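Data first, discussion second: the structure below is written as structure tokens.
Right under this line is the structure:
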């Protein structure tokens, strides 16, 4: 099974410098990015283990990750 890398810098490679600047200089962005990374890491681990949780639980985790990513993207666009 192919597992995609959804790290922020991988999903937004053109914004890598901005992401790193915001993580280091914006406490709120850093907090949300940390939550995003934590959920993304959990999803990745579950996918590697072929999802030892139910589909609904996996969907909920992916939805949370998507909401966090949307919020981070909005903050990145506002900071440019």
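In the working numbering, the protein residues as written are 707 to 786. Cβ atoms here follow ideal geometry from the backbone N, Cα and C, with glycine treated the same way. Owing to the predicted nature of the structure, the values given are computational and were not obtained by experimental measurement.
Does the beta-carbon of residue 725 have 16 or more other beta-carbons within 10 angstroms, so that it is buried, or is it exposed?
For the purposes of this step, residue 725 is taken as the residue at position 19 of the chain shown. So residue 725 counts as buried.
Determine the extent of the alpha helix (DSSP H) in which residue 731 is found, giving its start and end residues.
Translated into the one-based positions of the chain shown, residue 731 becomes position 25. Element bounds for residue 731: 722-731.
Stretch pair the segment 753-760 + the segment 769-781: three plus CB contacts closer than 8 Å:
no
Give me the Cα-Cα distance between residue 719 and residue 762, rounded to the nearest whole angstrom.
In the chain shown, counting from the first residue as 1, residue 719 sits at position 13. In the chain shown, counting from the first residue as 1, residue 762 sits at position 56. Linking residue 719 to residue 762 through their CA atoms gives a straight-line distance of about 30 Å.
Please report the distance separating the alpha-carbon of residue 723 from that of residue 765.
Locating residue 723 in the chain shown gives position 17, where the first residue counts as 1. Locating residue 765 in the chain shown gives position 59, where the first residue counts as 1. When rounded, the distance between both Cα atoms is 30 Å.
Quick check: the Cα distance between residue 741 and residue 732, rounded to an integer number of angstroms?
Here residue 741 refers to the residue found at position 35 of the chain shown. Here residue 732 refers to the residue found at position 26 of the chain shown. Their backbone Cα atoms lie some 14 Å apart in a straight line.
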